[in-house]
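S.K.: Here UniProt numbering is used: the first residue of the sequence shown is 1, the next is one more, and so on. For each residue, glycine too, the CB sits at the ideal point set by N, CA and C.
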Amino acid sequence: MPAETPDTPTPDQEDANDPMITTSLRLPQSVLDRVRVLATRDGVKPTALIRRWTEQACARELADVGPRPTIDVFPEPPIPIEVLVRQAVQEELKPLLDAVAGLAPPSS
């Protein structure tokens, strides 16, 4: 079984210059159910898995911009963080949801 990853980093894991914040994300129930299945499989909490996917998607997107993007690389007006997170999670979930579609109980 994979090692548990805490949902909230311990003080020695947090970067004092980049504190953790809380945000709200609305997902369809079926998507959250699948995230929970995947998180359980990986031995982590659903929020930790969503955070990992979001960080990976941001790193991938910003890799095309360069090492130190400036505010000029972002569209005007700024896109709310909730929209960016939702898009990143949906992008990451698509192949995984396709792969585990058979795990969800049939809806009645």
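Whose C-beta lies closer than 7 Å to the C-beta of R86 among residues of the same chain, with five residues either side of it excluded?
M.R.: L25
S.K.: Does the Cβ of E55 have 16 or more other Cβ atoms within 10 Å, making it buried, or fewer, making it exposed?
M.R.: exposed
S.K.: If distances are taken between C-alpha atoms only, which option among L84, V44, A39 and D15 comes closest to L97?
M.R.: It is A39.
S.K.: May I have the straight-line CA-CA distance separating L49 from V35, to the nearest angstrom?
M.R.: 8 Å
S.K.: Taking its Cβ as the centre, do 16 or more other Cβ atoms sit within 10 Å of M1, making it buried, or is it exposed?
M.R.: Model confidence at M1 stands at a pLDDT of 42, short of 50, so the residue's coordinates are unreliable; what they give is reported in the following sentence. The residue in question, M1, is exposed, as its Cβ has fewer than 16 Cβ neighbours within 10 Å.
S.K.: Within a Cβ cutoff of 7 Å, which residues of the same chain sit near A99, ignoring the five residues on either side of it in sequence?
M.R.: If we look at A99 and ignore the five residues flanking it on each side, it has no Cβ neighbours.
S.K.: Per DSSP, which residues does D18 bridge with? Please list them.
M.R.: D15
S.K.: May I have the straight-line CA-CA distance separating A57 from Q90, to the nearest angstrom?
M.R.: 10 Å
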